[in-house]
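Note that the numbering used here numbers the sequence shown so that position 292 is 365, with each residue one more than the last.
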Amino acid sequence: MKKAIKGLILSIIVVSVSFYVAGCSGQQKGSEKEKNGSKATKTSLVKRPPNILIIFPDELRRYSAGFWSQKPYKEDVVGKPDPVFSPNIDRLAKTGVVFTSAIANYSLCSPSRGMFLSGMYPEQTGIWNNCFIGRDESLKDNVATLTDLFYQAGYNTSYFGKCHWLKPEPYFDEEGNYIGSDRFPGGHYMNSFGTYVPPGLGRHSIQYFYQAVKDNHYDPYVYSSDPHTIDGKKDGEVYRPKIWSPKLEAAKIIDYLQNKNDVRDTSKPFFMMWALNPPHPPYGYKNSDTVFEKKYYGTDKFPSLQDLVVRDNANPKVAAYAPYYFGNVTSVDYYMGLVLDELKKMGALDNTIVIFSSDHGEMLGSHDLNGKNVLYTESLAVPFIISWPDGLQPGISNIMFGSPDALPTIMGLAGLSNKIPAKVQGTNFATLLTDPSESKIQKPTAQLLMLVDSRGILTDRYTLGLQESKEKSNLIKEAFIYDNLKDPYQLNKISLKEKPDVAKELLAQLGVLLKKANDPWYKQKKHSDIIPYPSK
């Protein structure tokens with residue numbers, strides 16, 4: 074059942090700029106009159122600009138959270154939610170706006186992060202695949218990111234965890250220390266996927282930097298701008314604390330919030346992004362928090378994998394890592410809870426916009442697959458929660474929300490709509506979240522989907538996918554539709570010929586969205602025998 078956001082009218086005056094927050098009315102399968110009107114009222118309070126905290130675990134399924142099994146959220150679940158224990162994600166949901174239809178337009182780490190950070194599609198960010206040795210995939214230095222824009226707006230900017238937006242170069246010694254050259258003692262790569270981000274344009278105005286590299290959750294390579302956090306080492310010198318990365322990062326974040334080493338200007342608001350690596354693979358006891366895995370997902374509670382992997386399209390044998398995956402989700406939940414508790418203790422939580430999301434989903438045995446990078450909804454679907462007690466009433470939003478929409482919406486909520494670059498391709502939904510009677514912002518009817526060799530769209534009912542031949546990219550290898558209303562687990566592929574009218578409408582929408590994204594398919598008019606590209 075679709076619901077708009079319920080609430081009452083709020084208003085906040087940020088510094089000397091009035092930022093009005095209007096309440097949102099509830100709707101139930103149709104329309105209902107607004108309970109509190111649609112106009113904001115002024116208050117006499119002058120408030121500090123809101124802090125921003127983005128919590129961004131890697132590879133987190135949309136429905137891997139406990140609140141989806143509870144009212145009112147379970148009414149919006151497509152299929153069955155995962156049986157996950159997540160009290161801190163749940164409390165964010167109860168104090169925030171839960172998006173039921175948020176997706177990663179490109180369900181792969183680097184391209185998705187590029188879109189989230191920049192508000193633009195891959196053709197503009199420069200990232201069409203994962204950043205990897207030998208690939209020219211790297212976030213462009215001249216792309217304005219969230220950290221650039223909030224720094225320019227007077228915020229303290231900080232980043233903790235995984236970056237994965239820079240092309241790996243052989244600029245390290247054998248130990249992983251940054252040399253800055255491929256000449257001896259340089260000439261070595263410190264990692265295949267992703268790499269250390271040195272000071273400069275590629276760090277995108279991040280003032281306080283604490284990066285964890287490598288998919289080894291108990292032995293990350295850590296680099297930091299703060300020598301206090303890395304045993305006195307310099308920025309670029311590798312530090313290997315051999316501590317579970319969420320635990321390590323949470324402790325450093327709390328130190329930063331407490332300003333133990335005088336590392337930030339406490340007269341300014343902060344912008345912080347915390348990009349945790351788990352629940353990204355690898356799994357198994359060497360790369361998982363087995364305390365949470367055994368406590369909540371052991372055989373005493375789930376005697377068989379079928380009890381844990383409850384989806385109709387999932388193969389429990391392929392999803393044998395599910396106890397570790399869910400254990401890592403619960404571990405992430407625990408450590409983010411410590412950070413939220415610290416904000417509450419400081420009296421800063423109510424005026425902090427907390428965004429909880431991920432770069433993509435995870436198949437977890439569905440369709441006999443694990444991982445991501447496919448056009449199935451479970452790969453695309455991500456959690457997206459915005460909690461801001463001082464500025465947003467809790468509720469549920471059915472806005473079809475994509476990765477490029479994050480930057481403009483976050484800036485809009487912070488009262489910085491006039492600072493959003495003209496090049497940004499995402500939509501600022503801030504006014505729709507605060508005032509559902511807003512008519513200038515239209516809810517999207519579809520989101521563009523993309524992979525290296527595929528394009529498609531997702532609507533509130535259908536998925537359309539077009540996959541190119543690997544041998545001949547000018548040929549479409551497969552074109553298909555899923556009816557997600559009748560077939561929520563996407564078990565029955567429909568050919569375009571079976572539903573010609575639906576296919577015609579979806580292909581027309583695809584052409585429009587490819588143009589909006591300035592996608593190479595549009596620029597080259599690829600597959601124009603199938604896709605009716607708009608002329609203007």
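Note that beta-carbon positions come from the ideal geometry of N, C-alpha and C, so glycine has one too. All of these numbers come straight from a predicted model, not from anything done at the bench.
Can you say whether residue 435 is buried or exposed, counting buried as having 16 or more other CB atoms within 10 angstroms of its CB? Your numbering for residue 435 matches position 362 in the sequence shown. Buried: at least 16 other Cβ atoms inside 10 Å.
Which class does residue 238 belong to by DSSP, given the choice of helix, strand or coil? On the sequence shown, residue 238 is found 165 positions in, with the first residue counted as 1. In this structure, residue 238 counts as coil in the three-state DSSP scheme.
Spatial neighbours of residue 590 within its chain, please: C-beta separation below 7 Å, excluding the five flanking residues on both sides. As a first step, residue 590 must be located in the sequence shown, where it is residue number 517. Excluding sequence neighbours, residue 590 sits near 194, 196, 498 and 521.
Measure the alpha-carbon distance for residue 242 versus residue 142 and round it to whole angstroms. As a first step, residue 242 must be located in the sequence shown, where it is residue number 169. As a first step, residue 142 must be located in the sequence shown, where it is residue number 69. Roughly 45 Å between the two C-alpha positions.
If you run the structure through DSSP and keep just helix, strand and coil, what is residue 409? Working through the sequence shown from its first residue, we reach residue 409 at position 336. Helix at residue 409.
In the DSSP assignment, what are the bridge partners of residue 528? Reading the sequence shown from its first residue, position 455 is the one you call residue 528. Answer is 523 and 539.
Hey, out of 439, 353 and 222, whose CA is closest to residue 564's CA? Position 491 of the sequence shown holds residue 564. Checked all of 439, 353 and 222; the closest Cα to residue 564 is 439.
Please report the distance separating the alpha-carbon of residue 412 from that of residue 427. Here residue 412 refers to the residue found at position 339 when the sequence shown is read from its first residue. Here residue 427 refers to the residue found at position 354 when the sequence shown is read from its first residue. When rounded, the distance between both Cα atoms is 11 Å.
Could you tell me the distance, in whole angstroms, from the CA atom of residue 222 to the CA atom of residue 566? Against the sequence shown, residue 222 aligns to sequence position 149. Against the sequence shown, residue 566 aligns to sequence position 493. When rounded, the distance between both Cα atoms is 43 Å.
Alpha-carbon spacing of residue 293 relative to residue 202, whole angstroms: Locating residue 293 in the sequence shown gives position 220, where the first residue counts as 1. Locating residue 202 in the sequence shown gives position 129, where the first residue counts as 1. So the alpha carbons of these two residues sit roughly 23 Å apart.
Residues that residue 364 bridges to, as DSSP identifies them: As a position in the sequence shown, residue 364 is number 291, starting the count at 1. Per DSSP, none; premise fails for residue 364.
So, under 8 Å CB-CB, residue 169 and residue 460 are touching, yes? Tell me the CB distance rounded to an integer number of Å. Along the sequence shown, one-based indexing puts residue 169 at 96. Along the sequence shown, one-based indexing puts residue 460 at 387. With a Cβ gap of about 3 Å, residue 169 and residue 460 count as contacting.
Other residues of its chain near residue 225: CB distance less than 8 Å, five sequence neighbours each side excluded: Taking the first residue of the sequence shown as 1, we reach residue 225 at position 152. 278 and 492, listed in sequence order.
Using CA atoms only, rank isn't needed, just tell me which of 490, 485, 530 and 219 is closest to residue 475. Reading the sequence shown from its first residue, position 402 is the one you call residue 475. Of 490, 485, 530 and 219, the residue nearest in Cα terms is 530.
Looking at the structure shown, is residue 255 part of a helix, part of a strand, or coil, going by DSSP? Position 182 of the sequence shown, counted from the start, is the residue given in the question as residue 255. Residue 255: coil per DSSP, three-state reduction.
For residue 397 and residue 366, believed in contact at Cβ under 8 Å, the rounded distance: Walking along the sequence shown from the start, residue 366 turns up at place 293. Walking along the sequence shown from the start, residue 397 turns up at place 324. Between residue 397 and residue 366 the Cβ distance is about 6 Å, and since that is below 8 Å, they are a contact.
Can you pull the DSSP bridge partners for residue 425? Mapped onto the sequence shown, residue 425 falls at position 352. Bridge partners of residue 425: 124.
With 16 other Cβ atoms within 10 Å as the buried cut-off, status of residue 253: As a position in the sequence shown, residue 253 is number 180, starting the count at 1. Result: exposed.
Taking its Cβ as the centre, do 16 or more other Cβ atoms sit within 10 Å of residue 379, making it buried, or is it exposed? Here residue 379 is taken as the residue at index 306 of the sequence shown, counted from 1. Exposed.
What first and last residue would you give for the beta strand (DSSP E) that runs through residue 348? Reading the sequence shown from its first residue, position 275 is the one you call residue 348. Element bounds for residue 348: 343-348.
Rounded separation between residue 421 and residue 450 - CA only: Against the sequence shown, residue 421 aligns to sequence position 348. Against the sequence shown, residue 450 aligns to sequence position 377. For residue 421 and residue 450, the distance between alpha carbons rounds to 36 Å.
How should residue 611 be labelled, buried or exposed, when 16 other C-beta atoms within 10 angstroms of its C-beta is the threshold for buried? The structure shown does not extend to residue 611, since the chain spans only 74 to 609, so no value can be given for it.
Can at least three beta-carbon pairs, one atom from the region 149-167 and one from the region 120-139, be found at a separation below 8 Å? yes
Assuming contact is defined by CB atoms lying nearer than 7 Å, are residue 577 and residue 607 in contact in what I supplied? Residue numbering aside, residue 577 sits at position 504 when the sequence shown is read from its first letter. Residue numbering aside, residue 607 sits at position 534 when the sequence shown is read from its first letter. Going by C-beta atoms, residue 577 is not nearer than 7 Å to residue 607.
Taking just the CA atoms, how far does residue 506 sit from residue 601? One-based indexing of the sequence shown puts residue 601 at position 528. One-based indexing of the sequence shown puts residue 506 at position 433. Spanning the two alpha carbons is a distance of roughly 37 Å.
Per-residue burial, residue 528 [other beta carbons within 10 Å of its own, 16 or more giving buried]: Translated into the one-based positions of the sequence shown, residue 528 becomes position 455. By the neighbour-count rule (16 or more Cβ atoms within 10 Å), residue 528 is buried.
Which of the three DSSP states is assigned to residue 112 in this structure? The sequence position of residue 112 within the sequence shown is 39, counting from 1. For residue 112, the pLDDT reaches just 28, beneath the cut-off of 50, and the residue's location in the model is therefore unreliable, leaving the point undetermined.
Considering only C-alpha positions, which residue in the set 280, 248, 235 and 256 is nearest to residue 266? Start at 1 with the first residue of the sequence shown, and residue 266 comes out as number 193. Among 280, 248, 235 and 256, the Cα nearest to that of residue 266 is on 235.
For the 8 Å Cβ check, are there 3 or more pairs between the region 332-349 and the region 121-132? yes
Which partner residues of residue 458 appear in the DSSP bridge assignment? Stepping through the sequence shown from its first residue, residue 458 is reached at position 385. Its beta-bridge partners are 171 and 429.
Report back the beta-carbon spacing between residue 172 and residue 470 to the nearest angstrom; my notes put them in contact at under 8 Å. Sequence index remark: in the sequence shown, residue 172 carries index 99 (1-based). Sequence index remark: in the sequence shown, residue 470 carries index 397 (1-based). Contact flag correct, Cβ pair sits at about 5 Å.
Between the CA atoms of residue 429 and residue 627 - distance to the nearest angstrom: Any question about residue 627 goes unanswered here, given that the chain covers just 74 to 609.
Quick one: grab the DSSP three-state call for residue 601. For the purposes of this step, residue 601 is taken as the residue at position 528 of the sequence shown. It is coil, neither helix nor strand.
DSSP bridge partner residues for residue 567 (one or two, in chain order): In the sequence shown, counting from the first residue as 1, residue 567 sits at position 494. Answer is 554.
Check each candidate in 556, 446, 150 and 592 and name the one with the smallest Cα separation from residue 183. As a working note, residue 183 is residue 110 in the sequence shown. The option with the nearest alpha carbon to residue 183 is 446.
For residue 263 versus residue 249, is the C-beta spacing smaller than 7 Å? Here the question's residue 263 lines up with position 190 in the sequence shown. Here the question's residue 249 lines up with position 176 in the sequence shown. Cβ atoms of residue 263 and residue 249: closer than 7 Å.
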